[in-house]
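Asker:
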Amino acid sequence: MAYAAGYRPALLQYQALALAGMLGGIAGAHLSIALTLTWAEGMTAGRGFIAIALVIFAGWNPLWAVIGALVFGGAESLQLQFQARGVDVSPFLMNMVPYLLTLLVLTFSGLRGRSAAPAALGRSFFGVE
Amino acid sequence: MTRLRMLLVALLPLALALLALPAAAADNLIVGAIYVGSVNDYGYNRSMHDGLMAMKAAIPGVTVLEAENVPESAEAERVMEGMIQQGAKLIFATSFGHQQFAFNLAQKHPDVDFEHAGGWMQAANFGNFFGATQAAWYPMGVAAGKMTKTNTLGFVAGVPIGYVIGNINAFALGARSVNPKVEVRVVATGSWSDKAKEAAATGALIDQGADVIAMHVDSPATVIQVAESRGVYSIGFQSIEASALAPKGWITGLGFTWGPFMTATAKSVIDGAFKPAMVREGLGEGMIAIAPFGPAVPEETQALVTAAADKVGKGFNPFTGPIADNAGVVRIKDGEAWGGDKMGNFDWYVEGVIGKAK
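Protein chains in written order, with the numbering used here: chain A, 1 to 129; chain B, 1001 to 1358.
#1: Apply the 10 Å Cβ neighbour rule to A/R123 and answer buried if 16 or more other Cβ atoms are within range, or exposed otherwise.
#2: Do we get a CB-CB distance below 9 Å when we pair B/E1198 with the residues of chain A?
#3: Apply the 10 Å Cβ neighbour rule to A/Y152 and answer buried if 16 or more other Cβ atoms are within range, or exposed otherwise.
#4: What's the gap between the Cα of B/P1022 and the Cα of B/E1077?
#5: Can you list the residues of chain A that B/D1205 reaches, using a CB-CB cut of under 8 Å?
#6: Look at the Cβ atom of B/Q1208, then the Cβ atom of B/R1185, and state whether they are nearer than 9 Å.
#7: Spell out whether any CB of chain A is found under 9 Å from the CB atom of B/P1247.
#8: Checking contacts by CB at 9 Å: is B/S1177 closer than that to chain A?
#9: How far does the beta strand (DSSP E) with B/A1093 in it extend, from its first residue to its last?
#10: If you check the beta carbons only, do B/T1144 and B/Y1233 fall under 9 Å apart?
#11: Please list the partners that A/V89 has in chain B, where partner means a Cβ-to-Cβ separation under 8 Å.
#12: Let's test the definition: count the other Cβ atoms within 10 Å of the Cβ of B/F1319 and tell me whether it reaches 16, buried, or not, exposed.
#13: Relative to the alpha-carbon of B/F1261, which residue among B/P1071, B/F1129 and B/G1119 has its alpha-carbon at the smallest distance?
#14: Give a yes or no on whether 9 Å exceeds the smallest Cβ distance from B/V1186 to chain A.
#15: Just checking: is the beta-carbon of A/L31 within a distance shorter than 9 Å of some beta-carbon in chain B?
#16: Does the beta carbon of A/A18 sit closer than 9 Å to a beta carbon anywhere in chain B?
#17: With A/W64 as the anchor, note down where its beta strand (DSSP E) starts and where it stops.
#18: List the residues of chain B that A/S77 touches, going by C-beta distances under 7 Å, in chain order.
#19: Out of B/T1148, B/N1317 and B/I1354, which has the shortest C-alpha to C-alpha gap to B/W1338?
#20: So, does the region 1269 to 1280 of chain B touch the region 1191 to 1200 of chain B, judging by three or more C-beta pairs under 8 Å?
#21: I'd like the span of the beta strand (DSSP E) that includes B/I1235, first residue to last.
#22: Which whole-angstrom value is the C-beta distance of B/I1354 and B/E1081, which I expect to be below 8 Å?
#23: Judging by CA-CA distance, which residue of A/L23, A/E41 and A/G86 is the nearest neighbour of B/A1357?
#24: Residues of chain A with a CB under 9 Å from the CB of B/P1160: which are they?
#25: Of the residues B/A1221, B/I1161 and B/Q1099, which one's Cα is nearest the Cα of B/W1250?
#26: Would you mind working out which of B/D1347, B/E1115 and B/G1236 sits nearest B/F1101, comparing C-alpha positions?
#27: Check whether the Cβ atoms of B/V1070 and B/G1158 lie closer than 9 Å to each other.
#28: Starting from the C-beta of A/A4, find all residues in its chain whose C-beta is less than 8 Å away, skip the five residues before and the five after it, and write them out in chain order.
#29: Tell me the DSSP secondary structure of B/F1377 in three-state form.
#30: Between the region 1123 to 1138 of chain B and the region 1165 to 1179 of chain B, can you find at least three pairs of beta-carbon atoms closer than 8 Å?
#31: The beta strand (DSSP E) with B/M1278 in it runs from where to where?
#32: For a contact defined as C-beta to C-beta under 8 Å, what are the partners of A/T102 on chain B?
#33: For a minimum of 3 consecutive residues, which ranges assigned as the beta strand (DSSP E) are wholly contained in the region 1065 to 1132 of chain B?
#34: Considering only residues of the same chain and omitting the five flanking positions on each side of B/T1063, which have a CB-CB separation below 6 Å?
#35: Given B/L1173, which residues of its chain have a CB within under 7 Å of its CB, disregarding the five upstream and five downstream residues?
#36: Indicate whether B/I1235 and B/G1255 have their beta-carbon atoms separated by less than 9 Å.
Take a look at the structure:
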């Protein structure tokens, strides 16, 4: 489709790849240098998978992905803030919040219908022979 | 030609291993150790590595095989099996979740002895060991109670199981023994190793006025570094090497000193006298040590902390009743005391701790 519209699919895909690498690098730099001030193997603690899930939930729409990231991050932060403030809730219940949220989002995106994955995701296209 | 060369290259390590075998079969003991994380964590895994190195230094001729980042899965069994194939006759499986996999191998290899950290399983060639940490946290509380200016202490906990709650309770009891106005705020991250959450938890506690931060997670590095960067004091746990992370705010800390136990165990294997047991030792027996004090700690506070540690080392039990929980209910009655067998039973916080334990 992009090809028919006059774009060069391979170039677009490489641009997206480079941008993804750059954003991932910035995120990693923030995690180790700004937030935790330390580095350790596996320190992302599975957050990359949450990012993939977010992209799917957001239906490959960047704006929804940003909103989703804020909601997930907020839930994680709330769980810690509530405890520090001494809110009278069980820490085990608080730890459930991000997972409950995942279920909720899954339910709603399920209601919305089929997944909106780009048709050419993961496929190479080098023009029409 | 290429196929022949490939075959030769593939066989080379095998040939080398065969050459090395007679040397390994001699009476020089080979000890294997598996760690769940990196030994450069300034924490739990570092303390285990340091213990192995102390053992190696104490017994000439001992070889140590180490594997880092060994998950608590069947992968652990494969890694340990590899060490046994290289001639290991004693294996330290150092993470709680390694227990079953080490035990399986112990059944399969009766001629290899195993020591597991923190578990309960026993066999003729399988023992376990751990530090009795709870009472040792009492002098840490004394240090924090004297150093705080805001009377608010912060504690970053990993998974809030009974043993961790016991550590926090002894910390609070120690702090309130020297400063009854102290309150302890606790944030549990729900994980033994999630640095982003540990950093956020530390920040949240400091925002609530905590000016001394202690922690019980696998690696104290993140919590200590964040506390240092925010200009508050920290008290370390797991490895006494963590003091290097906070040149200004370090107060003191607890570190495991596994060296003497590991050395004694290796000697018993060499002598053919390995005796499995459920070993739980604390400050008094030298399995836990108090880290050197930081520059900000006045001499009188140092003396108080050292005195409290001596008291614990000589058998003082902080969990001697009457002790009430933070809702005012007496949990340990007057004349009663909770011993080592009950340290995993805590599902309540003592008076002075803010928050819910379950």
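Glycine is no exception: its CB is placed at the ideal position from the N, C-alpha and C atoms. On a predicted model such as this, the values are computed, not experimentally measured, just so you know.
Answerer: In short:
#1: Counting from 1 along the first sequence, the entry for residue 123 of chain A is found at position 123. Result: exposed.
#2: Looking up residue 1198 of chain B in the second sequence gives position 198. It does: the Cβ of B/E1198 has a partner Cβ on chain A nearer than 9 Å.
#3: Given that chain A is displayed from residue 1 to residue 129, the structure contains no residue 152 of chain A and the question cannot be resolved.
#4: As a first step, residue 1022 of chain B is located in the second sequence; it is residue number 22 there, counting from the start. As a first step, residue 1077 of chain B is located in the second sequence; it is residue number 77 there, counting from the start. With a pLDDT of only 44 at B/P1022, under 50, the local geometry of the prediction cannot be trusted, and no value is derived from it.
#5: Stepping through the second sequence from its first residue, residue 1205 of chain B is reached at position 205. Correcting the residue type first, residue 1205 of chain B is Leu in the shown sequence and not Asp. The answer, in chain order, is A84.
#6: Taking the first residue of the second sequence as position 1, residue 1208 of chain B is located at position 208. Taking the first residue of the second sequence as position 1, residue 1185 of chain B is located at position 185. Yes. Within cutoff.
#7: Within the second sequence, the letter at position 247 stands for residue 1247 of chain B. No, B/P1247 does not count as interfacial toward chain A.
#8: By 1-based counting over the second sequence, the position of residue 1177 of chain B is 177. Answer no: the Cβ-Cβ gap between B/S1177 and chain A never drops below 9 Å.
#9: Position 93 of the second sequence holds residue 1093 of chain B. Start and end: L1090 to A1093.
#10: In the second sequence, the residue the question calls residue 1144 of chain B occupies position 144. In the second sequence, the residue the question calls residue 1233 of chain B occupies position 233. With the sequence shown as reference, residue 1144 of chain B is identified as Ala, and Thr is not the correct amino acid for it. Closer than 9 Å, so yes.
#11: Working through the first sequence from its first residue, we reach residue 89 of chain A at position 89. Simply K1356.
#12: Counted from its first residue, the second sequence places residue 1319 of chain B at position 319. So B/F1319 counts as buried.
#13: Counted from its first residue, the second sequence places residue 1261 of chain B at position 261. Checked all of B/P1071, B/F1129 and B/G1119; the closest Cα to B/F1261 is B/F1129.
#14: For this step, residue 1186 of chain B is matched to residue 186 along the second sequence. Yes - at least one Cβ of chain A is within 9 Å of the one on B/V1186.
#15: Position 31 of the first sequence, counted from the first residue, corresponds to residue 31 of chain A. A/L31 counts as touching chain B.
#16: Translated into positions along the first sequence, residue 18 of chain A becomes position 18. False, the Cβ-Cβ gap to chain B never drops below 9 Å.
#17: In the first sequence, the residue the question calls residue 64 of chain A occupies position 64. Note, A/W64: premise wrong, no beta strand (DSSP E); alpha helix (DSSP H) at P62 to A84.
#18: The residue labelled residue 77 of chain A in the question sits at position 77 within the first sequence. Under the 7 Å cutoff, chain B gives A1200.
#19: Against the second sequence, residue 1338 of chain B aligns to sequence position 338. If we check each option's Cα against that of B/W1338, B/N1317 comes out closest.
#20: no
#21: For this step, residue 1235 of chain B is matched to residue 235 along the second sequence. Taken as a continuous stretch (DSSP letters only), the beta strand (DSSP E) holding B/I1235 covers Y1233 to Q1238.
#22: As a working mapping, residue 1354 of chain B is identified with position 354 in the second sequence. As a working mapping, residue 1081 of chain B is identified with position 81 in the second sequence. About 48 Å; that fails the 8 Å criterion.
#23: Looking up residue 1357 of chain B in the second sequence gives position 357. Checked all of A/L23, A/E41 and A/G86; the closest Cα to B/A1357 is A/G86.
#24: Taking the first residue of the second sequence as 1, we reach residue 1160 of chain B at position 160. Ordered by position in chain A, the residues that pass the 9 Å Cβ test against B/P1160 are P91 and F92.
#25: On the second sequence, residue 1250 of chain B is found 250 positions in, with the first residue counted as 1. Ranking the options by Cα distance to B/W1250, first place goes to B/A1221.
#26: Counting from 1 along the second sequence, the entry for residue 1101 of chain B is found at position 101. Nearest of B/D1347, B/E1115 and B/G1236 to B/F1101, Cα basis: B/E1115.
#27: As a working mapping, residue 1070 of chain B is identified with position 70 in the second sequence. As a working mapping, residue 1158 of chain B is identified with position 158 in the second sequence. The answer is no: Cβ separation not under 9 Å.
#28: For the purposes of this step, residue 4 of chain A is taken as residue 4 along the first sequence, with counting starting at 1. For A/A4, where only same-chain residues beyond five positions count, there are no Cβ hits under 8 Å.
#29: Residue 1377 of chain B lies beyond the range of chain B shown here (1001 to 1358); nothing can be said about it.
#30: yes
#31: Residue mapping note: residue 1278 of chain B aligns to position 278 of the second sequence, counting from 1. Run containing B/M1278: M1278 to E1281, per the beta strand (DSSP E) assignment.
#32: Along the first sequence, read from residue 1 onward, the residue named residue 102 of chain A stands at position 102. None at all; the shortest Cβ gap to chain B is about 15 Å.
#33: 1090 to 1093, 1113 to 1117 and 1126 to 1131
#34: Residue 1063 of chain B sits at position 63 when you count from the first residue of the second sequence. Excluding sequence neighbours, B/T1063 sits near I1030.
#35: Taking the second sequence and counting its residues from 1, one reaches residue 1173 of chain B at position 173. Y1138, G1141, P1318 and V1350.
#36: Position 235 of the second sequence, counted from the start, is the residue given in the question as residue 1235 of chain B. Position 255 of the second sequence, counted from the start, is the residue given in the question as residue 1255 of chain B. No. Outside cutoff.
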